[in-house]
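Below is one structure, written out as structure tokens; the observations come after it.
In our numbering, the protein residues as written are 444 to 586.
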């Protein structure tokens, strides 16, 4: 019994050590994602913490190729991992257009901390690409 408990403690400890310094992903990210209505413009604003947790909001709005998409915004929370994975779940709506559901994002931030790419599970794992907004860059001193 003691060995089993020890094993569980080690597994929990290992999970927390996989989290990275999420301050690295703080800032504003702008780009597009695909969903049922086609290409959608998006802005992701994040505040990351040294313990690996992140929170922020996700805004979506029309693109020139899809001008009839309504605008909306909801809160997000998630975790950043040492392998550069960033997983965000959706939270409460701030501005909800009729018939829309919030989405989650699962992806990776590149080594330069200027591009976040991945999939949107609620949209049959369609792709997204977000670039860090100009003027906001990863500061290595945040390590």
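Ideal Cβ positions, reconstructed from N, Cα and C, are used throughout, including at glycine.
Pull up the distance between the alpha-carbon of residue 495 and that of residue 524, whole angstroms please.
Roughly 7 Å between the two C-alpha positions.
Quick check: what's the CA-CA separation for residue 465 versus residue 490?
One C-alpha to the other measures close to 8 Å.
Under the rule that 16 or more other beta-carbon atoms within 10 Å means buried, what is residue 521, buried or exposed?
Buried, by the Cβ-count rule.
Contact check, residue 472 vs residue 559 under 8 Å by CB: the rounded distance?
Contact holds; Cβ gap of about 6 Å.
Between the beta-carbon of residue 553 and the beta-carbon of residue 477, is there less than 9 Å?
It is not a contact, given that the beta carbons lie outside the stated cut-off.
For residue 551 and residue 468, what's the separation of their Cα atoms in angstroms?
Distance between the alpha carbons of residue 551 and residue 468 is about 11 Å.
Give the C-beta separation of residue 475 and residue 572 to the nearest angstrom, bearing in mind that I take them to be a contact with Cβ-Cβ under 8 Å.
So it is a contact: roughly 7 Å between Cβ atoms.
Taking the C-alpha atoms as reference points, what is the distance between residue 481 and residue 509?
Answer to the nearest angstrom: the Cα atoms are 7 Å apart.
Please look up how many angstroms separate the CB atoms of residue 623 and residue 498, rounded, as I've assumed it's under 8 Å.
Look at the range of the chain in this structure, 444 to 586, and you will see that residue 623 is not part of it.
Could you tell me whether the Cβ atoms of residue 501 and residue 531 are closer together than 9 Å?
Yes, they are a contact pair.
Who does residue 518 pair with in a DSSP beta bridge?
Beta-bridge pairing links residue 518 to 500.
Can you find the residues in the same chain that come closer than 6 Å, C-beta to C-beta, to residue 505, ignoring five residues on each side of it along the sequence?
Taken in chain order, the residues that qualify are 512.
Straight-line CA distance for residue 479 to residue 565?
The straight-line gap from Cα to Cα measures roughly 10 Å.
Can you tell me whether residue 546 is helix, strand or coil according to DSSP?
Three-state DSSP puts residue 546 in coil, outside helix and strand.
Could you check the C-alpha separation between residue 562 and residue 492 for me, to the nearest Å?
Rounded to the nearest angstrom, the two C-alpha atoms are 23 Å apart.
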